[in-house]
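What follows is a short report on a single structure.
Protein chains: 2
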Amino acid sequence: MKIEIWSDVVCPWCYIGKRRIEKALAGFEHADEVEVHWRSYQLDPGAPTTPTERTSSMLARKYGQSPAGAQQMQDRVEAVAAEDGLVYRLSETLHLNTVDAHRLIHLGHEQGGNELQGQVKEALLQAYFTEARDVADHDVLREVAVAAGLEPQRVDEVLAGTEFTEDVQADIAQAQAYGASGVPFFVVDEKYGISGAQPAEVFSQVLEKAWSESHPRIEVLATADGGEACGPDGCAI
Amino acid sequence: MKIEIWSDVVCPWCYIGKRRIEKALAGFEHADEVEVHWRSYQLDPGAPTTPTERTSSMLARKYGQSPAGAQQMQDRVEAVAAEDGLVYRLSETLHLNTVDAHRLIHLGHEQGGNELQGQVKEALLQAYFTEARDVADHDVLREVAVAAGLEPQRVDEVLAGTEFTEDVQADIAQAQAYGASGVPFFVVDEKYGISGAQPAEVFSQVLEKAWSESHPRIEVLATADGGEACGPDGCAI
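Protein chains in written order, with the UniProt record's numbering: chain S, 1 to 237; chain D, 1 to 237.
As structure tokens, then:
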């Protein structure tokens, strides 16, 4: 069974959703037969590659929030993250472009399949939300990616060029084709979609449903009872 | 999309069923993306490899039919075959073993995939039903198979030995595992079964159903309307 997850490195609900589907998978009988594939999504493709302000300032400016209102929203998200075991430092995170981070996540898949890709994804989310690091900066990206297991030389090659840019764009286009209007967005077996960081129980239900449907006995739609077929006792006439 | 068809070379409804699914495919929009794979089935694995009597005599003896009753059944099947454009000579066909014919059908798949296999299958059905030939006889099998496109040397090798016998047995076991009690038996995408030579319209309906299900848009089971997701306009709180 395959789970594709569209997600951005700077999306607070995406990291929370990651923990929740991990929780659902931990309790899923067939988890060892589930592949998780991370897909790229950019909430703000126009964000600067060299950050100039904190995300909180950008949001307050963009939506005309009061400092108190912005703080209240941050507090609420940080509290939810904490319930899922995550430490968020939302007052410090920077407004930045994630295309290079996503290109390294694709490199992770090329180098080590879904497993290594998942490690790179986790490391980047942690660097951004828990450590409030600038994951658009190439030195930071290099350090995080290599620590997660990527080959240093390939990381340098990718960061120096534009490799995987088309893959990032293709992922985003696929999400749009699926009608996703935001992230996280989960698709199971190219069949069932889940939008948002749903409770782990919701993920569990969809996993069970998709599993039972992908391991069917055949359904006989038309039978020859008394009809036109031949068997060991001869041919029906 | 894949259609597997369990069928015997001496099964009158199988040849008729072949014409009917061909008719359905001729009117199916995505026919060029459909693979047809012929599977072996033996109605009478104990039939002699050197025929000793006509099928009609064997059936009359086995079921205690009167000559008139047997003739009536033959006439009816020949009439149905004629409606599907097939000339049957059921009063002349021989009661014979089809394992060698099936082994050559497997050779067809090895040599030229589903397309060549289909040509061998068609040639053997025609030889048996329309020409009333002895398709257990190795000289006849060789002539029919080579005319259909098989390499003469490989045909000789296969007929001289037991190659593909296990494949024939595996096909029969698979049909039994699917619960098929006779042939023709059609399975679409390992999902939908059709038993018997159903009308072309029934095949058409199943083809449409299977196609739409194997090319789905995803079904969104849980959405984040007002819930926990981030979009271009920010993150829901």
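From the three backbone atoms N, C-alpha and C, an ideal C-beta is built for every residue, glycine too.
| Asked | Found |
| --- | --- |
| Taking its Cβ as the centre, do 16 or more other Cβ atoms sit within 10 Å of S:E35, making it buried, or is it exposed? | exposed |
| Which class does S:A229 belong to by DSSP, given the choice of helix, strand or coil? | coil |
| Tell me, please, whether the CB atom of D:E219 is closer than 9 Å to any CB atom in chain S? | yes |
| Go to D:A222, then tell me how far its alpha helix (DSSP H) extends in each direction, as first and last residue. | Note, D:A222: premise wrong, no alpha helix (DSSP H); beta strand (DSSP E) at E219 to A222. |
| Can the beta-carbon of D:S204 be found closer than 9 Å to that of D:A24? | yes |
| Using a Cβ-Cβ cut-off of 7 Å (strictly less than) and excluding sequence neighbours within five positions of S:V187, which residues of its own chain qualify? | E4, Y178 and G193 |
| Counting only runs that start and end within the segment 98-159 of chain S, where is the alpha helix (DSSP H) found for 4 or more residues in a row? | 99-125 and 138-148 |
| Leaving aside the five residues before and after S:E151 along the sequence, list all residues of the same chain whose C-beta is less than 7 Å from its C-beta, in chain order. | Q111 |
| Hey, could you find the ends of the beta strand (DSSP E) D:F186 is sitting in? | F185 to V188 |
| Identify whether D:R89 lies in helix, strand or coil by the three-state DSSP scheme. | coil |
| So which residues on chain D does S:Q198 lean against when the C-beta distance must stay under 7 Å? | A222 |
| Grab me the residues of D:Q174's own chain with a C-beta within less than 6 Å of its C-beta, minus the 5 sequence neighbours each way, in chain order. | none |
| Compute the beta-carbon to beta-carbon distance between D:L94 and D:R61, rounded to the nearest angstrom, for a pair I have assumed lies under 8 Å. | About 14 Å; that fails the 8 Å criterion. |
| Out of S:D75, S:R20, S:P232 and S:L107, which has the shortest C-alpha to C-alpha gap to S:E163? | S:L107 |
| Once the 5 residues before and after S:W38 are set aside, which same chain residues still bring their CB inside 7 Å of it? | I5, S7, I105, Q117, G118 and K121 |
| Starting from S:S57, trace the alpha helix (DSSP H) in both directions and tell me its first and last residue. | T55 to Y63 |
| Whether or not the segment 137-149 of chain S and the segment 55-74 of chain S are in contact is what I'm after, with contact meaning three or more pairs of Cβ atoms, one per stretch, closer than 8 Å; do they touch? | no |
| Please report the straight-line C-alpha distance between D:A148 and S:A229, rounded to a whole angstrom. | 27 Å |
| Within a Cβ cutoff of 7 Å, which residues of the same chain sit near D:V80, ignoring the five residues on either side of it in sequence? | I16 |
| By DSSP, does S:Y178 sit in helix, in strand, or in coil? | coil |
| Evaluate D:D100 with the Cβ neighbour count: other Cβ atoms within 10 Å of its Cβ, from every protein chain shown; 16 or more gives buried, anything less gives exposed. | buried |
| From the DSSP output, in three-state form, read off S:Y15 for me. | helix |
| Would you say D:D171 faces chain S, with C-beta separation under 9 Å as the test? | no |
| Among D:P67, D:G64 and D:R20, whose alpha-carbon lies nearest the alpha-carbon of D:V206? | D:R20 |
| Where does the unbroken alpha helix (DSSP H) through D:K209 begin, and where does it stop? | A200 to S214 |
| Just checking: is the beta-carbon of D:V77 within a distance shorter than 9 Å of some beta-carbon in chain S? | yes |
| Is there at least one Cβ from chain D nearer than 9 Å to S:V206's Cβ? | yes |
| May I ask which residues mark the beginning and end of the alpha helix (DSSP H) holding D:E78? | P67 to E83 |
| For chain S, find out if any of its Cβ atoms is closer than 9 Å to the Cβ of D:E228; answer yes or no. | yes |
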